[in-house]
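Report on the structure given below.
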Amino acid sequence: RSTMADASDEFVWRFGYGSNIGLEVLKQKKNLNPSKYFTGTIKGFELYFKQGIPYVEPGWGAVRPSSDPDAELHGSAFCISKEE
């Protein structure tokens, strides 16, 4: 089992959720080239939706700590260079 501590000082770990979890999305739409990629969960956090800007962006997802101790945020962890 790999850990998030595997990255060197030249790399950083990010966690994607919602529409930003797929490896192909990261490569094609976000122009990122992850050196490592895992799907998983973060315990104690939840996805919620914020009201957006009328006629521009109807809303977007965000993350917050959950009051439910069993809550899990599903997504993907990916390692990218600090330049990205």
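Everything in the sequence shown is counted per the numbering used here, starting at 28 for the first residue and increasing by one. C-beta: ideal position from N, C-alpha, C; glycine also. No experiment lies behind these values; they were computed from the predicted model shown.
1. If Gly86 sits next to Tyr44, beta carbons under 8 Å apart, how far is it from one beta carbon to the other, in whole angstroms?
2. Could you give the distance in angstroms between the alpha-carbon of Ser46 and the alpha-carbon of Gly79?
3. My guess is that Phe72 and Pro92 are in contact by the Cβ rule of under 8 Å, so how many angstroms apart are they, rounded?
4. Once you ignore the five residues that flank Val39 on each side, which residues in its own chain have a CB closer than 6 Å to its CB?
5. So which of Pro61, Ser94 and Glu37 has the shortest CA-CA distance to Leu74?
6. Output the boundary residues of the beta strand (DSSP E) element that contains Lys57.
7. Identify every residue that forms a DSSP beta bridge with Val39.
8. Tell me the DSSP secondary structure of Gly67 in three-state form.
Put simply:
1. That belief does not hold up - the Cβ atoms of Gly86 and Tyr44 are roughly 15 Å apart, past 8 Å.
2. The alpha-carbon atoms of Ser46 and Gly79 are separated by roughly 16 Å.
3. Their Cβ separation, rounded to whole angstroms, is 6 Å, which keeps Phe72 and Pro92 in contact under 8 Å.
4. Excluding positions up to five away in sequence, the list reads Lys109.
5. Of the candidates Pro61, Ser94 and Glu37, the one whose C-alpha sits nearest the C-alpha of Leu74 is Ser94.
6. Element bounds for Lys57: n/a, residue is neither H nor E.
7. Answer is Ile107.
8. Strand.
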